[in-house]
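Let me begin by presenting the structure, written as structure tokens, before commenting on it.
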Amino acid sequence: MGRSNAGITVRELAKLAGVSRQTVSDALRGTGRVADATRKRIRELAEASGYASDPLISAGLAQMRRKGSQRIKAVLGYVETGSTPDLTEKHESYRRLYEGAKERAESQGYRLARFSIADQKISHKGLESILLARSIRGVVILYVEDWGTDPVSVPLDFNQFAAVTIGARLRTPALHFALADEFANTQLCIQHLTDLGYRRIGLALPSPLDRLIENRISFAYNGWQQSKPARERLPVFDNQVIQFEDTAKAYRNWIDRWKPDAIMTFPQGRLNRHLGLRFPEQAGFAHLDCNPSNSGIAGIDQNHEATGAAAVDIVARHLALGEIGPPATAHGTLIEGRWVAGATVEDQS
211 MGRSNAGITV RELAKLAGVS RQTVSDALRG TGRVADATRK RIRELAEASG YASDPLISAG
271 LAQMRRKGSQ RIKAVLGYVE TGSTPDLTEK HESYRRLYEG AKERAESQGY RLARFSIADQ
331 KISHKGLESI LLARSIRGVV ILYVEDWGTD PVSVPLDFNQ FAAVTIGARL RTPALHFALA
391 DEFANTQLCI QHLTDLGYRR IGLALPSPLD RLIENRISFA YNGWQQSKPA RERLPVFDNQ
451 VIQFEDTAKA YRNWIDRWKP DAIMTFPQGR LNRHLGLRFP EQAGFAHLDC NPSNSGIAGI
511 DQNHEATGAA AVDIVARHLA LGEIGPPATA HGTLIEGRWV AGATVEDQS
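This is the structure in structure tokens:
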């Protein structure tokens, strides 16, 4: 915090406020070490005095945090929602999101502490108390809904935090977000399949997942289908498994009725094995969320590590600016994936 454009310094601002320079610095950066009333008073005084931090000095401090890898400056929270504890360890995509966030946080001098609202040892109100007690004011929210239920509630007073969501957007309150660009990823997958010569490309997608990501996959798919004659359009198959045998039968009927020459989908290996489907002999197969464990399967790698890193960048930026609480206007970062070649597709020429 150096001399501002208007000439007032942190030292002068501290004298005006009747507090120490460290208190002013903490209040302006939103570290959580200053009482809310004091923080608000200092910021109002700073604004009235025309104080503005020197961006070059702020950038230099950020660089010092990155270089000083042995000096962890503060802790950021990483909160998993949903009713399943420890999602990060149970799902590869979520693990990659966390690893990307953790690596970026550490590169900026932060440590990332992971919490789950499904952890029975942490009550809903207890989570907020834990975060505040540890001076955690920056939080990355892994926002997932339990399929078939109402949207999860996040037990935090977001007025106390600089927060960003990954996985999906939180609308109440509207927070900043970093997400995979599912719309562009679906278009990319379709482009590669059509380049290989596939024409009757089908989409099998759980409807709750599509709703969670605001229908971006089905919108991209249906938009592509509008360019095709009506007789060549295929309905989306909802592969949400409620009763496995019923879903498998419906999947078989969908394949027999519409005869897709390639299928795009999210995880449904059990259905494919149950029906004895062979790829690429019977049809091409493309996974819309390829992970390293899906070796040999063609599709889209969503680049989850980059999404996790982008979320930390957003939180760190708002902490540096002292911006705590839901934003007046939420903004987001969309991360494009990449095509992964695999043995489940082949050239149709």
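Here the sequence shown stands for residues 211 to 559, where the numbers follow this note's numbering.
We put the CB at the ideal spot given by N, CA and C, even for glycine.
Counting only runs of at least 3 residues, the region 376-450 fully encloses the following beta strand (DSSP E) elements, listed from N- to C-terminal order: 386-390 and 411-414. Under the three-state reduction of DSSP output, residue 326 falls in the strand class.
In the three-state scheme derived from DSSP, where H, G and I count as helix and E and B as strand, residue 351 is classed as strand.
Residue pairing by DSSP places residue 544 opposite 389 in a beta bridge.
Per DSSP, residue 522 is one residue of the alpha helix (DSSP H) stretching across 514-530. Selection 428, 384 and 315 evaluated against residue 527 yields 315 as nearest (Cα-Cα). Nearest in C-alpha terms to residue 552, of all of 541, 517, 393 and 508, is 508.
Between residue 237 and residue 388, the beta carbon gap of about 27 Å keeps them out of contact (Cβ cut-off 8 Å). Remark: fewer than three beta-carbon pairs, one from each stretch, lie closer than 8 Å, so the region 499-508 and the region 436-451 are not flagged as touching. Each residue's CA atom was taken as its position, placing residue 373 and residue 219 some 29 Å apart. In the same chain as residue 297, and ignoring 5 residues on each side of it, the C-beta atoms closer than 6 Å to its own belong to 290 and 304, in chain order. Rounded to whole angstroms, the gap between the alpha carbons of residue 352 and residue 482 is 29 Å. The closest CA to that of residue 487, considering only 497, 462, 234 and 510, is found on 462. Residue 471 has its alpha-carbon roughly 45 Å from the corresponding atom of residue 317. According to the DSSP secondary-structure assignment, residue 285 is paired through a beta bridge with 321. Between residue 368 and residue 536, the beta carbon gap of about 5 Å places them in contact (Cβ cut-off 8 Å).
Per the coordinates, the alpha-carbon of residue 375 lies some 10 Å from the alpha-carbon of residue 543. Per the coordinates, the alpha-carbon of residue 233 lies some 18 Å from the alpha-carbon of residue 371. The Cβ-Cβ distance between residue 286 and residue 255 does not fall below 9 Å. Counting only residues of its own chain and dropping the five nearest sequence neighbours on each side, residue 554 has a CB closer than 6 Å to the CB of 489, 490, 495, 507 and 508. Rounded to the nearest whole angstrom, the C-alpha separation of residue 309 and residue 437 is 39 Å.
Here residue 392 is near residue 430, since their CB atoms are less than 9 Å apart. Note: residue 475 is bridge-paired with 414 and 497 in the DSSP secondary-structure output. In this structure, the alpha-carbon of residue 300 lies about 52 Å from that of residue 225.
Going by DSSP, residue 465 is part of the alpha helix (DSSP H) stretching over 454-468. Check the Cα spacing between residue 401 and each of 474, 515, 244 and 312: the tightest is with 474.
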